[in-house]
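>
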Amino acid sequence: QVQLVESGGRLVQAGGSLRLSCTASGSNFAFDIMGWYRQVPGKQRELVAIEAYGGRKTYTDSVKGRFTVFRDDTRDAVSLQMNSLKPEDTAGYYCYILLRRENYWGQGNPGTVSS
68 QVQLVESGGR LVQAGGSLRL SCTASGSNFA FDIMGWYRQV PGKQRELVAI
118 EAYGGRKTYT DSVKGRFTVF RDDTRDAVSL QMNSLKPEDT AGYYCYILLR
168 RENYWGQGNP GTVSS
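Take the sequence shown: its letters are residues 68 to 182, numbered as in the working numbering.
What follows is the structure in structure tokens.
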């Protein structure tokens, strides 16, 4: 059973930076996709940034140029570096893994940006 453990969420000021980290365990296979989604109350969870096995990265338009996703397959870890944060980036951030057609989610990390 794959398990994900997240860390790094906290309150930051607008314009600041934040790095979220996620470590996976419980798999002997390389993960197809690792990355991050976010969700605010009352809205659907949305893709923020993902990296496929092999290195292809995908970002939602609103974070391009500000956020960077990194995966480290030697540690089964993925992180999200968020720079130039805006109040609208405030959300619960969820680590995400796709492995052999199964979706796995972290417990959620609060990322709050004060204006």
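Note that beta-carbon positions come from the ideal geometry of N, C-alpha and C, so glycine has one too.
(1) Provide the residue span of the beta strand (DSSP E) that contains Val136, from first to last.
(2) List, from N- to C-terminal side, the beta strand (DSSP E) runs of 3 residues or more that fit wholly inside the segment 153–182.
(3) Kindly indicate which three-state DSSP category Ser94 falls into: helix, strand or coil?
(4) What does DSSP give as the partner residues of Thr124 in its beta bridges?
(5) With distances taken Cα to Cα, identify the nearest neighbour of Leu114 among Gly121, Phe96, Trp103.
The relevant details are as follows:
(1) Here the beta strand (DSSP E) through Val136 covers 134–139.
(2) Counting whole runs of 3 or more residues, the segment 153–182 contains the beta strand (DSSP E) stretches 158–166, 169–172, 176–181.
(3) Taken through DSSP and simplified to helix, strand or coil, Ser94 comes out as coil.
(4) Rather than Thr, the amino acid found at residue 124 in this sequence is Lys. Residue pairing of Lys124 in beta bridges, as defined by DSSP: Glu118.
(5) Nearest option by C-alpha distance: Trp103.
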